[in-house]
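The next block holds one structure in the form of structure tokens; read it before the comments.
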Amino acid sequence: METEPDEYHDCFMQDGVLLKQAPSSHMTALNTIGTLYIYEVTRSGESCNKKLLLEWKQNDITVDSDVQYQEWAVVNTVQKRIRTLSENMPEHHNRSKSLKINFDEIKSFKVCNKNRQLTFYDGTSERICGFLFQHGNCEHLVGMLKTILKVGVSRRDKQIYVVYDSNSPEFQELNRSFAALNLKNEDNSFWHMFKHFKENPYEGSLGAFAKVTNFVYRSVEGSDPDILSRDELYSSITELDDGVPHSGGEYEVINALPQLPRRKEFPRCNPLTEEQWRSQFNSLGQLEDVDSIKNLIFRGGVSPTIRKEVWKFLLDYFPWDSTDLDRQQLINKKNEEYYVMKLQWKSISQKQEDNFSDYAQRKCQVIKDVNRTDRTLEFYAGDNNINIQTLGDILMTYVMYNFDLGYVQGMSDLLSPILWLMQDENDSFWCFVGFMEKVMSNFDIDQAGMKEQLTQLRVLLSFIDPVLANYLEKHDCGNMFFCFRWLLVWFKRELNQDDILRFWEVLWTGYPCHNFHLLVSVAILEHESEALMENDNGFTEILKYINELSGKLNMELMLNKAEGIYNQIKEADHLTDSVRSILGLPLIGTKNRGSEEQSSQQESPFESPDLSTPRTEPCCSVDNVRISPDEIAFEKSISSSFL
Amino acid sequence: MAKTYDYLFKLLLIGDSGVGKTCVLFRFSEDAFNTTFISTIGIDFKIRTIDLDGKKIKLQIWDTAGQERFRTITTAYYRGAMGIMLVYDITNEKSFENIKNWIRNIEENASADVEKMLLGNKCELEEKRQVSRERGEQLAIEYGIKFIETSAKASIRVEEAFFTLARDIKTKMEKKLKEASNPPKGGHQLRASEPQKKPTSWLSRCTLL
Ligand SMILES: Nc1nc2c(ncn2[C@@H]2O[C@H](COP(=O)(O)OP(=O)(O)O)[C@@H](O)[C@H]2O)c(=O)[nH]1
Ligand SMILES: [Mg+2]
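Dropping the structure here:
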């Protein structure tokens, strides 16, 4: 402890922070939960001698944290609490460990793992320490750090923030004249940050920090801010994700979850009736109010009598604004198009096929799979079933329609209910094309789309049910791979035929947000969370449990819960951009101060890709140089699930 | 809760899509065959506990999707396997040719001392046979592994196949165990509870009672 520290101002605190990496002196505290503080120390009698400290304190294991920490239940309230060390604060209990970080020592820090992991480096490529934020993420802290330290985003890796050195001559110059500083274009961010700091020195309780002059800049000219090589980073990332056994599970009481708004009930409604549907068309046969139709379908699905027709709209075969005449012409045109494509492959001779292995492979897989698709339904049952033949023909024509994608297992599952309903080869094909447009990325060659979705599912789950998310993380299930089947074929293997028709038509509306099926998954996981976490279940047990839910899910209840969850998320105070972007909600730029919004747009790792491109970039191939920690974590956790 | 077995072995079924992996597994675990089977999506496993020379052995057998596309995900499971069944379809030449690729896949992804075995399935379909028994045997010899022709449908030698693989794993394991408990200090060195960062061998992950 310092000698005679007088006053401590808490500026920031966040609990539920796991110590992931630490100097050897703190090895025993690794993987334990604690609280991170930033506070300001004022030495006795010297009012100008203020110093900022970052400190992580292990939660005291003897304290019933549930009770003790309740008053701090909100993450990142910048509090102006004055206290002294002698006060009986729970975190100052003897038995707790603490780790102090001097701001002067931080040379750079890295934000990764969807803003959940923060690692400080001391410039000698030795990590000072790393933290995993179990509740929410480190966005707030990083916001604080950006104000306290002078940082710029590394040019090579946007996840790395480089702290500009103090005492450098460049800084002196900088201080003398802003204009004299020759900032490069790509260092705009730095410029903005500096400007912001000058103009807006973190008013309020942080005002004092701005005056503390122990942070200085190094000019961006000349010196390369990247102090860590890629290899070192890589090894640090992989080490991070190495499954060090977690200790102290029993007292990891989650004590300060950000509060979600109360969950509301959203009762399901009756299906869209034929009468309602017909009344929506004008004299030209155009739908008048598409939004309200979609909303009705989202709320209750479609009555079976009009399903065949409505699906053609839902699956973008018929444009929503088309007239009777348009549709008549469209059908003729599409019909012709279909049979041309079908003829293309039907006319391939055996000899050609033998010399065309890419084609032969696809055909072989289609034939194998149609013979294993929904054979228990009467429609597809029995030997030499004509509908199985049609199923195969449509899939083969799809291969010709999109040869690069070809046929991937799971597609026959997606087509089967469509053909069952339409009972028409041409209509089924074009509806299937529409469905595939919605789920195309599930079938990516490198499975990037599936990996991305599993990652997104994890993000959403940690927002809604951090206890379960945390549990899964610690039991080698963080990759969420046990939900693979759910997401690949949209619950086709989990629901019976009647339910799947209803479920899909609800999802096809695209209401109330993007990726609603992920919220449905969250709803199920949350519903089953107790069973999932029983008996210290690991990956094997959880996979088994999830696979065996097939046929036991209550679809309407799932939809109801998922909508409740959606509304909770939408109204949550701590809603982050990472969650927003998954659900297609407008991004706000999760920042402490609104004025930073503009300036940080280009460089902040928290900003998600532009929403105007509906498919966000796959998490694992952002570019070919950068290592995505998610990707590594994903592979790692899969492989470690067996160990 | 007391364990009801002495050893837990993790096995893996691999081979081209449609060769009958899921059916072989279903035959072994439920002694049934179902013509209305569905293709495997993702992964799944089945459990059967067998008696082998007085030991109860719990077999946890993993079944994967066969299509190339899903291999990035399924190969991750090779690493934990102690035994791998390589399955082809005797009525499908291509599935036999692909065994080579599957073996390469194993070499790249599984631990070096994993026990392997070659299965030629659908052997009751004699009239449609494209791969002779001899070729199967020959290939197995080449790779130094055992070979059996099976039929999930007609229930031919499926039990035998799994028992053989399990016995080979057990023998290998007990031999290593003996070696491990003999060195000067003695005592069991292979414990499931000891965290091992990069196991070179599945033996270090065996669950012992
Ligand atoms: N005649 C015959 N057919 C089989 C046998 N085993 C599996 N099948 C059929 O082969 C097809 C593929 O089987 P499946 O187990 O799903 O293959 P997997 O993709 O390797 O899991 C199915 O239609 C089965 O009915 C067998 O021993 N004999
Ligand atoms: Mg299978």
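So the protein sequences, as listed, match chains A and B. Just so we're aligned: 1137 in the working numbering is position 128 of the first sequence, and the numbers increase by one with no gaps anywhere. Just so we're aligned: 179 in the working numbering is position 174 of the second sequence, and the numbers increase by one with no gaps anywhere. For glycine and all other residues, C-beta sits at the position ideal for the given N, C-alpha and C. Fair warning: this is a prediction, and the values are worked out from it, not measured in the lab.
Item, Value
"For a contact meaning CB atoms closer than 8 Å, what does B:R74 contact in chain A?", "V1417, Q1418, F1452, I1454 and Q1456"
"So is the beta-carbon of B:L130 under 6 Å away from any non-hydrogen atom of ligand 1?", "yes"
"Taking the CB atoms as reference points, tell me whether A:E1403 and A:S1437 lie closer together than 7 Å.", "First, the amino acid is wrong: residue 1403 of chain A is Ile here, not Glu. Closer than 7 Å, so yes."
"Report buried or exposed for A:K1570, applying the criterion of at least 16 other Cβ atoms within 10 angstroms of its Cβ.", "buried"
"Counting pairs of beta carbons, one from the stretch 1520-1538 of chain A and one from the stretch 1556-1575 of chain A, are three or more of them closer than 8 Å?", "yes"
"Among A:F1441, A:L1497, A:K1123 and A:Q1067, whose alpha-carbon lies nearest the alpha-carbon of B:T45?", "A:L1497"
"In terms of residue numbering, what span does the beta strand (DSSP E) encompassing A:S1117 cover?", "S1117 to C1121"
"Between B:A37 and chain A, is any beta-carbon pair separated by less than 7 Å?", "no"
"So within the stretch 1136-1175 of chain A, which uninterrupted alpha helix (DSSP H) runs reach at least 4 residues, ignoring any that extend past its ends?", "1148-1157"
"Measuring only from the beta carbon, is B:T5 closer than 6 Å to any heavy atom that is part of ligand 2?", "Any answer about residue 5 of chain B is impossible in this case: the structure gives chain B only from 6 up to 214."
"Answer with yes or no whether the minimum CB distance from B:A115 to chain A is below 7 Å.", "no"
"Under 9 Å Cβ-Cβ, which residues of chain A neighbour B:F42?", "R1381 and R1384"
"Are B:K15 and B:A81 touching if we call contact CB-CB under 7 Å?", "no"
"Give every residue of the same chain whose Cβ lies closer than 6 Å to the Cβ of A:C1486, excluding the five residues on either side of it in the sequence, and list them in chain order.", "F1548 and I1551"
"With respect to the beta strand (DSSP E) encompassing A:N1451, which residues constitute its N-terminal and C-terminal limits?", "From DSSP, A:N1451 is part of no beta strand (DSSP E); its letter is neither H nor E."
"At a cut of 8 Å, does the stretch 88-102 of chain B reach the stretch 118-134 of chain B through at least three beta carbon pairs?", "yes"
"Roughly how many angstroms separate the alpha carbons of A:V1151 and B:I48, rounded to a whole number?", "39 Å"
"Within the 7 Å Cβ cut-off, does A:D1545 reach chain B?", "no"
"Determine, using beta carbons only, whether B:D94 comes closer than 7 Å to chain A.", "no"
"Could you give the distance in angstroms between the alpha-carbon of A:V1120 and the alpha-carbon of A:V1050?", "27 Å"
"Identify, in the order they occur along the chain, each residue of the same chain with its Cβ nearer than 7 Å to the Cβ of B:R172, setting aside the five sequence neighbours on each side.", "L57"
"Of all the CB atoms in chain B, is at least one closer than 7 Å to the CB of A:N1122?", "no"
"Here's a check: name, in chain order, each residue in its chain whose Cβ is nearer than 6 Å to the Cβ of B:F167, leaving out the five neighbours to either side.", "F33"
"Specify, as a first and last residue, the run of the beta strand (DSSP E) that B:L64 falls within.", "K60 to T69"
"Would you kindly check if the distance between the Cβ of B:I89 and the Cβ of B:L17 is under 7 Å?", "yes"
"Of the residues B:V29, B:R74 and B:K60, which one's Cα is nearest the Cα of A:A1457?", "B:R74"
"Can you give me the C-alpha to C-alpha distance between A:E1345 and A:G1573, rounded to a whole angstrom?", "45 Å"
"For the stretch 1579-1594 of chain A against the stretch 1265-1276 of chain A, are there 3 or more C-beta pairs whose distance is under 8 Å?", "yes"
"Using DSSP with H/G/I as helix, E/B as strand and the rest coil, what is B:E154?", "strand"
"Can you check whether the CB of A:Q1465 is closer than 7 Å to the CB of A:R1272?", "no"
"Measure the beta-carbon distance from A:F1327 to A:V1515 and round it to whole angstroms, keeping in mind my assumption that it falls under 8 Å.", "Going by Cβ atoms, the distance from A:F1327 to A:V1515 rounds to 19 Å, so no, they are not a contact pair."
"Please confirm whether any heavy atom of ligand 1 lies closer than 6 Å to the CB of A:G1401.", "no"
"If you check the beta carbons only, do A:A1478 and A:L1469 fall under 7 Å apart?", "no"
"Tell me, please, whether the stretch 1291-1299 of chain A touches the stretch 1312-1319 of chain A by the rule of three or more beta-carbon pairs shorter than 8 Å.", "no"
"Provide the residue(s) that pair with B:F50 in DSSP beta bridges, ordered along the chain.", "B:W67"
"Please state whether the Cβ-Cβ distance between A:W1439 and A:K1343 is less than 7 Å.", "yes"
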